[in-house]
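Visitor: Pasting in a structure now, in structure tokens, and then I'll have a few things to ask.
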Amino acid sequence: MMTTAEKTNSQSRGDWPTLLADNARTGGQGQHQPRSPEKAAWQFRSGSAVRSAPILADGLLYVATVSGLVHAIDAATGISRWKFEAAGQVHSTPSLSGGMVLFGCDDGKVYALDRHSGKKLWETATRDEVWSSAVVRDGVVFFGSADGTVYAVEAGSGHQKWSRDLGGRIYSTPHAAEHQLFVGCGDGKIYSLARESGKILWETPTGNGIDSSPAVADGLVLIGSEDFLVYALNEDNGEVRWKYETGLGIASSPAVSGNLVVIGSKDGHLYAFDTQTGQLRWKTGLEEVVTAPPVIAEGAVCIQAGGLVALDPGNGKTLWRAALGAAIQSVPVLTGDVIYLASLNGEIYALR
Amino acid sequence: MDRRSFVKAGCLGSASLLIQGLDPMVRAESLPAVPPIELHSLPGYTPSSLAMPGLFPGRVVEVRDPKAIVRNRVSQPIVRRLLDQAMAELTGEKSARDAWAKFVVPKDVVGIKINPSGAPACCSSPELIREIISSVRSIGVPSRNIVVYDRYSYEMDIGAYQSLLPTEVRIVGIQDAFTSGIAGYEPTVYCDANFFGEWETRSYMARIVSHEVTTIINVPTMKDHSASGITGALKNLAYGTFNNVARTHQAPHTFTNPLIGLMCTIEPLRSKAVLHIMDGMRQVWHGGPLTQVQDFIEQPGILMAATDPVAMDTVELEAIEKKRREHGAPSLWEHDAKSITPDNNLFFHDATKNLFFRQPGHVEAAGKLGLGISDMKQIDYRLL
Numbered sequence: 000m001m002t003t004a005e006k007t008n009s010q011s012r013g014d015w016p017t018l019l020a021d022n023a024r025t026g027g028q029g030q031h032q033p034r035s036p037e038k039a040a041w042q043f044r045s046g047s048a049v050r051s052a053p054i055l056a057d058g059l060l061y062v063a064t065v066s067g068l069v070h071a072i073d074a075a076t077g078i079s080r081w082k083f084e085a086a087g088q089v090h091s092t093p094s095l096s097g098g099m100v101l102f103g104c105d106d107g108k109v110y111a112l113d114r115h116s117g118k119k120l121w122e123t124a125t126r127d128e129v130w131s132s133a134v135v136r137d138g139v140v141f142f143g144s145a146d147g148t149v150y151a152v153e154a155g156s157g158h159q160k161w162s163r164d165l166g167g168r169i170y171s172t173p174h175a176a177e178h179q180l181f182v183g184c185g186d187g188k189i190y191s192l193a194r195e196s197g198k199i200l201w202e203t204p205t206g207n208g209i210d211s212s213p214a215v216a217d218g219l220v221l222i223g224s225e226d227f228l229v230y231a232l233n234e235d236n237g238e239v240r241w242k243y244e245t246g247l248g249i250a251s252s253p254a255v256s257g258n259l260v261v262i263g264s265k266d267g268h269l270y271a272f273d274t275q276t277g278q279l280r281w282k283t284g285l286e287e288v289v290t291a292p293p294v295i296a297e298g299a300v301c302i303q304a305g306g307l308v309a310l311d312p313g314n315g316k317t318l319w320r321a322a323l324g325a326a327i328q329s330v331p332v333l334t335g336d337v338i339y340l341a342s343l344n345g346e347i348y349a350l351r
Numbered sequence: 000m001d002r003r004s005f006v007k008a009g010c011l012g013s014a015s016l017l018i019q020g021l022d023p024m025v026r027a028e029s030l031p032a033v034p035p036i037e038l039h040s041l042p043g044y045t046p047s048s049l050a051m052p053g054l055f056p057g058r059v060v061e062v063r064d065p066k067a068i069v070r071n072r073v074s075q076p077i078v079r080r081l082l083d084q085a086m087a088e089l090t091g092e093k094s095a096r097d098a099w100a101k102f103v104v105p106k107d108v109v110g111i112k113i114n115p116s117g118a119p120a121c122c123s124s125p126e127l128i129r130e131i132i133s134s135v136r137s138i139g140v141p142s143r144n145i146v147v148y149d150r151y152s153y154e155m156d157i158g159a160y161q162s163l164l165p166t167e168v169r170i171v172g173i174q175d176a177f178t179s180g181i182a183g184y185e186p187t188v189y190c191d192a193n194f195f196g197e198w199e200t201r202s203y204m205a206r207i208v209s210h211e212v213t214t215i216i217n218v219p220t221m222k223d224h225s226a227s228g229i230t231g232a233l234k235n236l237a238y239g240t241f242n243n244v245a246r247t248h249q250a251p252h253t254f255t256n257p258l259i260g261l262m263c264t265i266e267p268l269r270s271k272a273v274l275h276i277m278d279g280m281r282q283v284w285h286g287g288p289l290t291q292v293q294d295f296i297e298q299p300g301i302l303m304a305a306t307d308p309v310a311m312d313t314v315e316l317e318a319i320e321k322k323r324r325e326h327g328a329p330s331l332w333e334h335d336a337k338s339i340t341p342d343n344n345l346f347f348h349d350a351t352k353n354l355f356f357r358q359p360g361h362v363e364a365a366g367k368l369g370l371g372i373s374d375m376k377q378i379d380y381r382l383l
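So this is what it looks like as structure tokens:
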């Protein structure tokens, strides 16, 4: 089954169906250069804090709020098309798969909604809250739960295919590669699981728990840890190829573009490395705690930290700032003419 | 403000109480008159014998190891040792388990009140919280009956407590900073006062405190505070348990004195907060409680234990004052209009500036309310 989130090439231009645009965590690279926004085309007041990132497809923007509402908003007008109320808070960034919107909830469930009507198609339960985003590949939905388990369920029905207990809470969103699943865990380890069975293929310890979600590029698994370090691991065996120490813990997730990997640290800096060698390309202070992932578009790295900041990917210099969009884990959706932004205080903006 | 300011309070119990008339010294320094403050404890609640100041009034144990934190990394094994030493010295018990058994029984639902404000630069260390959880478990309390909580869930997110603490232990943020209403708070337990003409004059107690947990382990951090002078055991309990407290500040004035102490007298908070373990791995001497500026954050590797929050905060206050003196910063007691700034950024980077006339007298005021001992000469301070 071809799904929206897993087949980047099939996306409509401007679609942004999952966390960091696609399963490769490209963050919209190659799509458009976001210029400095001049005005808000519209503003949507959700009435509740938003911790997760919006996603976009076929002219609809999907936003989940901490109060448990998932909104489908007309991307052109900012008018609500439908909303769904879950039984608990929602911290998970939704994902699109075919005709479904998938998201995790603090009631321990992952919900699948019809993305056009908002009607519930199925739900599947875990034993604790689900903050990680669902990742879909070849008709299977993968996600982690705070119960310490990674789950694989059928995208069509929500029926469980397998589950694998790990050693700690899981808030990291898995990366689904062709044969492997990579995920960080609260026990401080990065795991590689067999995608078909959930068998642990390798595990690599770090010095503290992991919130960060992995990216994979050129045979390397890239991820941050609360032990202050950025890691690049060999995807085949988990061997540490390089690591870099920042000033505080890392909850941000890496964005990768070509030979550039960018990640934020709670020490208030955004770091850019050569993907293969780990050599620091640049480091830019944002004067805010950075916990959200950056995105890399053509000509700009964008990050929500205090507000929305765009940096030159070549040298890390600030291109522009917008005083909107304070976020913990939210990521802007970049579509060229419009930047869609969800803010911690619950405001959703379309900026032109 | 001098250190003799106090609240004229009579007996304090679980019934409602009307407090009027503060020490004239408070008003003499241009603080607006303290309005009547009504306190409403949980109806019918029977106070506990462990209620603050608890089993060991006036006793404060301090242990320290500079290797407990190195370049912002806290050593969990060293924290374990410090915690065991402090608990044994506090209680006089030989084993850590016996020490914890004085405060916790297996049927308890244990709340661990952390201080995540200021995360990630200075907040309750997850390494210490893990060891407290381990100690509580050692008494036979199941993980599902342990709740790590604070008021603001987004601050807990930044501190990454959700991912860093063991599975099954509940991690609860009582509210989000951007929602209004009293969901998560108990409507019958509150304090009511109109400080600056605000529309909502009540601050309600969190239900997790009033109804869910049976015992609270309080884990404050060691920081100065732009309004209350310091934030320690008392402030962490009071302003971390009741909602709608920002209304008590209107620059340059703040009513943290007397409100912090008064809130701590409200039952069942007073009875349930049986033990205070101060996380002094980091020590903020300016810019608290939210600063991220490392210039004002030292890493002495301190841990303190007490049942008396007033005595603990008195020791903390002395330590922060000493640190400010060493750095040539003005005293927390200084009230100089020239030092007041409305510019947060300036405050965060200039130790001579502040946002409010600080009220460190809230500690002594809490002592006058019977919550503990604030006279250093009477405090049984044990530095190991």
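Residue numbers (numbering that gives the first Met the number 0), protein chains in the order written: chain A, 0 to 351; chain B, 0 to 383. All C-beta atoms, glycine included, are put in the ideal place defined by N, C-alpha and C.
Helix, strand or coil for A27 of chain B per DSSP?
Guide: Note on A27 of chain B: pLDDT 41, under 50, position unreliable in the model; the coordinate value appears next. Reduced to three states, the DSSP call for A27 of chain B is helix.
Visitor: According to DSSP, simplified to helix, strand and coil, what is Y44 of chain B?
Guide: Judged by DSSP in its simplified three-state form, Y44 of chain B adopts coil rather than helix or strand.
Visitor: Figure out for me which residue from B:G231, B:T187, B:S48 has the closest Cα to the Cα of H210 of chain B.
Guide: B:T187
Visitor: Listed in chain order, which residues of the region 61 to 81 of chain B have Cβ atoms closer than 8 angstroms to some Cβ of chain A?
Guide: N71, R72
Visitor: For G187 of chain A, does the three-state DSSP call read helix, strand or coil?
Guide: coil
Visitor: Can you check DSSP and say which residues form a bridge with D273 of chain A?
Guide: A:L259
Visitor: Flag G159 of chain B as yes if its beta-carbon sits less than 7 angstroms from any beta-carbon of chain A, otherwise no.
Guide: Here residue 159 of chain B turns out to be Ala, not Gly, going by the sequence shown. Yes, A159 of chain B lies at the interface with chain A (some Cβ there is under 7 angstroms from its Cβ).
Visitor: Count the other C-beta atoms from every protein chain shown that fall within 10 angstroms of the C-beta of P36 of chain A, then say buried if there are 16 or more, exposed otherwise.
Guide: buried
Visitor: Can you pull the chain A neighbours of L383 of chain B, defined as C-beta to C-beta under 9 angstroms?
Guide: Near L383 of chain B there are no residues of chain A at all, since even the closest Cβ is about 28 angstroms away, more than 9 angstroms.
Visitor: Could you tell me the boundaries of the beta strand (DSSP E) in which S79 of chain A lies?
Guide: 79 to 84
Visitor: Which chain B residues sit within Cβ distance under 8 angstroms of T290 of chain A?
Guide: Within chain B, the residues whose beta carbon sits less than 8 angstroms from that of T290 of chain A are D156, I157, listed in sequence order.
Visitor: Quick check on L343 of chain A: buried or exposed, where buried means 16 or more other Cβ atoms within 10 Å of its Cβ?
Guide: buried
Visitor: I'd like to know if the region 246 to 265 of chain B and the region 279 to 293 of chain B are in contact, where contact means that at least 3 CB-CB pairs between them fall below 8 angstroms.
Guide: no
Visitor: Please list the terminal residues of the continuous beta strand (DSSP E) segment that includes C263 of chain B.
Guide: Under the DSSP assignment, C263 of chain B falls outside any beta strand (DSSP E), being part of the alpha helix (DSSP H) whose first and last residues are 255 to 264.
Visitor: Quick check on L382 of chain B: buried or exposed, where buried means 16 or more other Cβ atoms within 10 Å of its Cβ?
Guide: Note on L382 of chain B: under 16 other CB atoms within 10 angstroms of its CB, so exposed under the neighbour-count rule.
Visitor: Between P16 of chain A and R136 of chain A, what straight-line distance do the alpha-carbon atoms span, to the nearest angstrom?
Guide: Approximately 13 angstroms, taken between the alpha carbons.
Visitor: Assuming V309 of chain B and K271 of chain B make a contact with CB atoms under 8 angstroms, what is their CB distance in whole Å?
Guide: At roughly 17 angstroms, the Cβ-Cβ gap does not stay under 8 angstroms, so V309 of chain B and K271 of chain B are not in contact.
Visitor: For R80 of chain B, which option in B:E315, B:R150, B:V62 has the closest C-alpha, if you only look at C-alpha atoms?
Guide: Looking at the Cα atoms, B:V62 is the closest of the given residues.
Visitor: Does the Cβ of P341 of chain B have 16 or more other Cβ atoms within 10 Å, making it buried, or fewer, making it exposed?
Guide: exposed
Visitor: For T353 of chain A, which beta-bridge partners are listed by DSSP?
Guide: Because chain A is modelled from 0 through 351, residue 353 of chain A falls outside the range shown and cannot be assessed.
Visitor: Which residues of the region 160 to 176 of chain B have a Cβ closer than 9 angstroms to any Cβ of chain A? Give them in chain order.
Guide: Q161, S162, L163, L164, P165, T166, E167, I170, D175, A176
Visitor: Mind pulling the beta strand (DSSP E) runs of 3 or more residues that sit fully within the region 187 to 224 of chain B?
Guide: 201 to 205, 214 to 217, 220 to 224
Visitor: Evaluate R351 of chain A with the Cβ neighbour count: other Cβ atoms within 10 Å of its Cβ, from every protein chain shown; 16 or more gives buried, anything less gives exposed.
Guide: exposed
Visitor: Compare the C-beta of K265 of chain A against all C-beta atoms of chain B and say whether one is closer than 7 angstroms.
Guide: yes
Visitor: Between P141 of chain B and chain A, is any beta-carbon pair separated by less than 7 angstroms?
Guide: no
Visitor: Expressed to the nearest angstrom, what Euclidean distance is found between the alpha-carbon atoms of V332 of chain A and V294 of chain A?
Guide: 9 angstroms
Visitor: Helix, strand or coil for G366 of chain B, going by three-state DSSP, please let me know.
Guide: helix
Visitor: Leaving out five residues before and five after K160 of chain A in sequence, what residues of the same chain have Cβ atoms less than 7 angstroms from its Cβ?
Guide: V139, A151, V152, E153
Visitor: Opposite P204 of chain A in the DSSP bridges: which residues?
Guide: A:K188
Visitor: With C-beta atoms as the reference, is V215 of chain A less than 7 angstroms away from A254 of chain A?
Guide: Not a contact, by the Cβ cut-off of 7 angstroms.
Visitor: Applying a beta-carbon distance threshold of less than 8 angstroms, which residues of chain A neighbour P35 of chain B?
Guide: In chain order: nothing, as chain A lies at least about 34 angstroms away.
Visitor: Residues in the same chain with beta-carbon distance under 6 angstroms from P93 of chain A, minus the five sequence neighbours each way, listed in chain order, please.
Guide: I54, Y61, A63, V100, F102
Visitor: Rounded to a whole number of angstroms, what is the C-alpha to C-alpha distance between D175 of chain B and K93 of chain B?
Guide: Going from the Cα of D175 of chain B to the Cα of K93 of chain B covers about 42 angstroms.
Visitor: Rounded to a whole number of angstroms, what is the C-alpha to C-alpha distance between L59 of chain A and C104 of chain A?
Guide: 21 angstroms
Visitor: Quick one: give me the first and last residue of the alpha helix (DSSP H) that L49 of chain B is part of.
Guide: Counting along the chain, L49 of chain B falls outside any alpha helix (DSSP H), and DSSP gives it neither H nor E.
Visitor: DSSP three-state label for S152 of chain B, please.
Guide: helix
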